[in-house]
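Numbering (this note's numbering), first residue to last: 795 to 1392.
Please read the structure below before turning to the comments.
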């Protein structure tokens, strides 16, 4: 019999319930289809009083499932699951190897009692989270769903569920309660695919180097310290002598900005040319000067929150940003259409990207030939200028979004000049993208304005993120961090969703979110279960349009589904329902049982 461990994949159980209607042909078809859809186990709830099949037929069911790579079982529901694995398997990770091998079974209270059918499973997710908080070194394994939405079965694997049972049907329009509460084969297949995607997307929760998929973006958008003017050999570097730009030749990153101030330059450097570590005597890696090895200290009187267009804290609904970016193709009418669609999809805010290209890029970088299929110009500079709206157009877009459509408006500041302009628009917050998070010149300028900041962390290690947090928190704490992987699109195996948990633990006074660039929305939805309180996803009219961001964007139907899924996940963990006291009683009863076994 297969066993389930912390590192194993979750097992998916297709519960045929009574949907087979006692018909051998239909039952065979359902077993075959469930296996094709990816079920690990096929369950048929039979006992001596309601078994319409002969022993020979049941043996054939077993063989059919086995031939298709699954396991078939016919015992009563609870016993069937025990045959697969303990219903709940809690393993104390602190115990010695010899004593930790014993499986502890914990039976959950029957939460269906005195609860409306429409809310049978709703509070149970909250119960799981409570138990995991109480016993963080134990693992909850089994979950039964009796609802037609596949969102929850997909995302609970992110919080440690290792066995998922859903009722299965070939026709959800058939008469009968079980059909109505079952998942159709087509949706079951998608659910299993998404479960497997989320499993590989969880990752290690560690980041001591950038992800392999981020390298192309890193090479393209890495910002270097460059000379703001012609500098002579022997010059003592002042803040006004340097800028941080995208350069054709990569040199020191923006974290060196405060380190080289006051140091003597060993060679002359022309304006816009990169400055290297070798241009200074005895200069070491920036982490030598900023070794933030310990967690950032907690502010006792500080409650983790950020003021966007509403207050965001650990208990508030997730704040959803529709990233239009440059998916408008340089067309203001398309930009307005995307704003309106974002509002209809349920987004809280629309976001663009604002650059002053001469401040963001060196002359050589702007003149670089750009022959990509996504290019809107023969050089990279022409490409960027084609996609850049004027300040008047930005004012028009903000007015359209806020006054006519009724949605918040903001933009990412790609350079200090653009930051000043965005602030002048009186936006609720300013986004600092992953490419700018290492620009300490911009970060310090932004922090000194006391404007709320949402900062992405793509292409940055945990050590880098500590520097970002220390830099901004010297001035205020009204900022949030978004876990991000700067790859377009991001392979699921590099999404590293558990980094959200790492960021929450390392920076307990900071709101943590997720900026996703993967294909589809299931990974983003799963980030909610890990504690993401701000979500950012690109929105597009058509994922096949010209441009590098469209492929990792969501079209309006996909974006709407993501918003629905997020709100659904939030609704079932709402602690303000009238059933709260009953659930708390159940929780205490469960804890008592756990304590007897642990």
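The beta carbon of each residue, even a glycine, is placed where N, CA and C say it ideally should be.
Inspect the beta-carbon positions of residue i and residue j and report whether they are closer than 8 Å.
i	j	result
residue 1044	residue 1016	yes
residue 1348	residue 1309	no
residue 1226	residue 1207	yes
residue 1155	residue 1039	yes
residue 1247	residue 1294	no
residue 804	residue 956	yes
residue 1305	residue 1100	yes
residue 1335	residue 1128	yes
residue 1005	residue 1288	yes
residue 1221	residue 1243	no
residue 1333	residue 1353	yes
residue 1119	residue 1146	yes
residue 1189	residue 1219	yes
residue 1055	residue 1023	no
residue 1159	residue 1042	yes
residue 1411	residue 1174	The requested residue 1411 is not part of the displayed model; the chain covers only 795 to 1392.
residue 986	residue 1320	no
residue 1223	residue 1102	yes
For residue i, collect the residues of the same chain with a Cβ closer than 8 Å to its Cβ; drop the 5 residues on either side in sequence, then sort them by chain order.
i	result
residue 984	944
residue 1357	1114, 1139, 1140, 1141
residue 1073	1059, 1060, 1061, 1063
residue 965	973, 978
I'd like to confirm something about residue i: is its beta-carbon nearer than 7 Å to some heavy atom of the ligand FMN, or not?
i	result
residue 1366	Only the bare structure without any ligand can be found here, which leaves the ligand FMN out of the picture.
Going by the DSSP bridge assignment, what does residue i pair with across the sheet?
i	result
residue 1328	1113
residue 809	837, 961
residue 1040	1017, 1155
residue 748	Since the first and last residues shown for the chain are 795 and 1392, residue 748 lies out of range.
residue 1099	1107
residue 826	Its beta-bridge partners do not exist; DSSP assigns none.
residue 1224	1247
residue 1119	1146
residue 1133	DSSP, once it has assigned bridges, lists no residue as partnering residue 1133.
residue 848	Answer by DSSP bridge pairing: none, since residue 848 is not bridged.
residue 978	963
residue 1205	1146
residue 1058	1030
residue 1068	1020
residue 1063	1025
residue 865	835
residue 1163	1173
residue 939	960
If I measure Cβ to Cβ from residue i and keep anything under 7 Å in the same chain, skipping five residues before and after, which residues do I get?
i	result
residue 1231	1249, 1250, 1251, 1254, 1262
residue 814	820, 821, 824, 838
residue 1071	1046, 1077
residue 1285	1007
residue 1150	1209, 1211, 1212
residue 1311	1279, 1281, 1282, 1283, 1284, 1346
residue 852	868
Rounded to whole angstroms, how far is the Cβ of residue i from the Cβ of residue j, which I believe are closer than 8 Å?
i	j	result
residue 982	residue 808	7 Å
residue 1008	residue 1281	5 Å
residue 1112	residue 1328	7 Å
residue 821	residue 855	7 Å
residue 760	residue 1275	The requested residue 760 is not part of the displayed model; the chain covers only 795 to 1392.
residue 1133	residue 1217	Not quite, the Cβ-Cβ distance comes to about 20 Å (not below 8 Å), so this is no contact.
residue 989	residue 806	6 Å
residue 1296	residue 999	5 Å
residue 865	residue 847	The Cβ separation is near 17 Å, so there is no contact.
residue 1066	residue 1020	6 Å
residue 1201	residue 1143	7 Å
Starting from the C-beta of residue i, find all residues in its chain whose C-beta is less than 6 Å away, skip the five residues before and the five after it, and write them out in chain order.
i	result
residue 840	868
residue 1241	1266, 1269
residue 889	With a pLDDT of 31 at residue 889, under the threshold of 50, the modelled position of this residue cannot be trusted; read the value that follows with caution. Result list for residue 889: empty, nothing under 6 Å.
residue 1083	1053
residue 1363	1322
residue 1171	1177, 1180
residue 1342	1168, 1282
residue 1051	1234, 1235
residue 832	986
residue 1292	996, 997, 999
residue 1157	1066
residue 816	846
task: At 4 residues or longer, and completely inside the region 1333-1374: list those alpha helix (DSSP H) runs for me, N to C.
output: If we require 4 residues or more, the alpha helix (DSSP H) runs fully inside the region 1333-1374 come out as 1350-1365.
- prompt: Can you list the alpha helix (DSSP H) stretches of 4 or more residues lying completely in the region 1257-1333, in chain order?
  reply: Listed in chain order, they are 1293-1300, 1316-1323.
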